[in-house]
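These notes concern the structure reproduced below.
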Amino acid sequence: MEGTLMSKCIFFLTLAAVSLVPLPSLADGVDQAVDAFHRTCLAHGPDFERTVALAMTRRWTPLSGDAALAPVQGVKAFRGWQAGEDLPNGTTVAVTKGSMEGRAVQTCSVKLPNVDRTEFEKRFFARTDAEKIGETRKGGQLSRLYILIAGNRKQLVHLTSADISGTSNVIIASSIVDD
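Oh and the sequence shown: position 95 is 236 in our numbering, straight run, nothing missing.
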């Protein structure tokens, strides 16, 4: 009987000690990057005013410019920020109002450092119903265009990385919707 009591005490002490040890994060950097893009740009679709208000509320640091984050040529309004601690370290967010093929559009882009493009795309596909509709290579840059429904809206998603080989550790993920 005494042995059984001692075994139970050891079991509960071990259980208590294990519960005090912090568990590793279940989401790695790629999952965090996909989640950041989803929450910031895809879930509700690009919304210039909503993102500007969000950036002010979260006290993101404004960028003086970086229209290179805009996935469209006809940019009429641009706002960008270095995101705070609520997104992965080093994340840049930008929104635009512009035009694409003569249509008014809004865009939302997230520039994510230290992210493997190939893994990002795999997990992006696992999370969405995206269908690839195009690909371009320009110099060392690879861009892919997808179409999907998110936030009850048809969205184009433009994924760009600086390295065709897929070893780039920076990806720019953008969502584009009709305004």
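The beta carbon of each residue, even a glycine, is placed where N, CA and C say it ideally should be.
Query                                                                                                            : Result
Rounded distance between the beta-carbons of histidine 179 and arginine 268, thought under 8 Å                   : 7 Å
Phenylalanine 219 - partner residues in DSSP beta bridges                                                        : Thr237
Given glycine 281 as reference, the closest of Val213, Ala245, Ser250, Val311 once Cα atoms are compared         : Val311
Opening and closing residue of the alpha helix (DSSP H) in which valine 193 lies                                 : 189 to 198
Proximity to serine 250 [Cα-Cα], best of Val175, Ile313, Asp319                                                  : Ile313
Of the residues Gly243, Arg278, Gly239, the one placed nearest serine 316, counting alpha carbons only           : Gly239
Residues that DSSP places opposite proline 229 in a beta bridge                                                  : Beta-bridge pairing links proline 229 to no other residue.
Cβ contact (3+ pairs, closer than 8 Å) linking the stretch 183 to 198 and the stretch 245 to 259                 : yes
Of the residues Val213, Gln173, Ala235, the one placed nearest arginine 244, counting alpha carbons only         : Val213
Short Cβ contact (8 Å threshold) for glutamate 338 with leucine 289                                              : Absent from the structure is residue 338, since the part of the chain shown begins at 142 and ends at 320.
Host beta strand (DSSP E) of arginine 180 (start-end)                                                            : First-last for arginine 180: undefined, no H or E at that position.
Exposure of methionine 277, with buried meaning 16 or more beta-carbon neighbours within 10 Å                    : A small fix is needed here, since residue 277 is threonine in this sequence, not methionine. Classification of threonine 277: exposed, given that the 10 Å Cβ count is below 16.
Supposed close pair threonine 237, phenylalanine 219 - CB separation, criterion 8 Å                              : 5 Å
Per DSSP, cross-strand counterpart(s) of histidine 299                                                           : Leu286, Ser315
Rounded straight-line distance, which links the Cα of lysine 263 to that of glycine 170                          : 14 Å
Coil, strand or helix - leucine 253 by DSSP                                                                      : strand
Classification of threonine 135 by the beta-carbon crowding that lies within 10 angstroms, buried from 16 upward : The structure shown does not extend to residue 135, since the chain is modelled only from 142 through 320, so no value can be given for it.
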